[in-house]
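These notes are about the structure you will find just below.
In the working numbering, the protein residues as written are -14 to 248.
Here you go:
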């Protein structure tokens, strides 16, 4: 029953993690100044569409929808304004707008996490931050990979850097999973960990293997492809990476609801 009740918030959370994390990584490529303006514009507009979808689905927040509505509207507007300012060659103002969109998105993510019945405090927030980084990096990397088809002479360094961010995020998530088994929380935590390895072992190993191991292996292959400038290969691998990351994050949210263990 708790899983069904948390489903709308979980869906919105994954959408918003991807948008906010994507904008964070997009700003990184903006400040690095190696990606083309066209990539920045198209990507931010895609994120704006995602924010607009979250706005339309805000009824999933239940009684909290009215509170979050202004934030969701502001996030959508800021992402559109960022694209317009990049198009108008107002890069400095655009970057300020981008930072503002991340700040607003952070507020939405925090409130969304707190709304979950299984919210577990600091550990859940750490898991939320890492999920935001990983989902955003995976999405931005895929969008950037496609941009090489439009601009073949674009430096491969940009996609290499974004892939490195993705790998760092996945590595930190793996550390969080390992840390779950460190017995610092007493009998209650031990009982929850026991559930992971018994009743919900399939979901746990799905999260670990599909959501972490596969993306790390494929991320390394993507990084090597970037070094060789095999950009089509890298883009193809990133499709699989994004799918695995999305599936893994969904499994992690299910485990949080069922066991109150943040992965």
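Glycine is no exception: its CB is placed at the ideal position from the N, C-alpha and C atoms. For clarity, every value in this text was computed on a predicted model and none was experimentally measured.
Residue burial classification, residue i (beta-carbon count within 10 angstroms, cutoff 16)
| i | result |
| --- | --- |
| residue 240 | buried |
| residue 5 | buried |
| residue 17 | exposed |
| residue 74 | exposed |
| residue -14 | Low per-residue confidence applies at residue -14: pLDDT is 45, beneath 50, and the placement is therefore not dependable, though the value from the model is reported in the following sentence. By the 10 Å Cβ count, residue -14 comes out exposed. |
| residue 158 | buried |
| residue 86 | buried |
| residue 217 | exposed |
| residue 95 | exposed |
| residue 192 | buried |
| residue 294 | The structure shown does not extend to residue 294, since the chain is modelled only from -14 to 248, so the question has no answer here. |
| residue 43 | buried |
| residue -6 | buried |
| residue 108 | buried |
| residue 138 | exposed |
| residue 106 | exposed |
| residue 47 | exposed |
When the options are compared against residue i, the one with the closest alpha-carbon
| i | options | result |
| --- | --- | --- |
| residue 83 | 53, 9, 121, 190 | 9 |
| residue 33 | 62, 106, 189, 2 | 62 |
| residue 214 | 67, 140, 118, 59 | 140 |
| residue 80 | 248, 15, 53 | 15 |
| residue 163 | 197, 123, -2, 97 | 197 |
| residue 64 | 220, 234, 7 | 7 |
| residue 38 | -2, 123, 48 | -2 |
CB contact flag (residue i, residue j, <9 Å)
| i | j | result |
| --- | --- | --- |
| residue 89 | residue 45 | no |
| residue 246 | residue 165 | yes |
| residue 200 | residue 147 | no |
| residue 161 | residue 41 | no |
| residue 116 | residue 237 | yes |
| residue 99 | residue 23 | no |
| residue 180 | residue 129 | no |
| residue 219 | residue 143 | no |
| residue 53 | residue 97 | yes |
Assumed close pair residue i, residue j - CB separation to whole angstroms, cut-off 8 Å
| i | j | result |
| --- | --- | --- |
| residue 57 | residue 36 | 7 Å |
| residue 93 | residue 1 | 6 Å |
| residue 155 | residue 204 | 7 Å |
| residue 188 | residue 229 | About 15 Å separates the two Cβ atoms, so there is no contact after all. |
| residue 145 | residue 212 | 7 Å |
Should the segment 93 to 113 be regarded as contacting the segment 24 to 32, the criterion being three or more beta carbon pairs within less than 8 Å? no
The segment 194 to 214 contacting the segment 134 to 154, beta-carbon criterion three pairs below 8 Å: yes
Would you call the segment 179 to 186 and the segment 221 to 230 touching, i.e. three or more CB-CB distances under 8 Å? no
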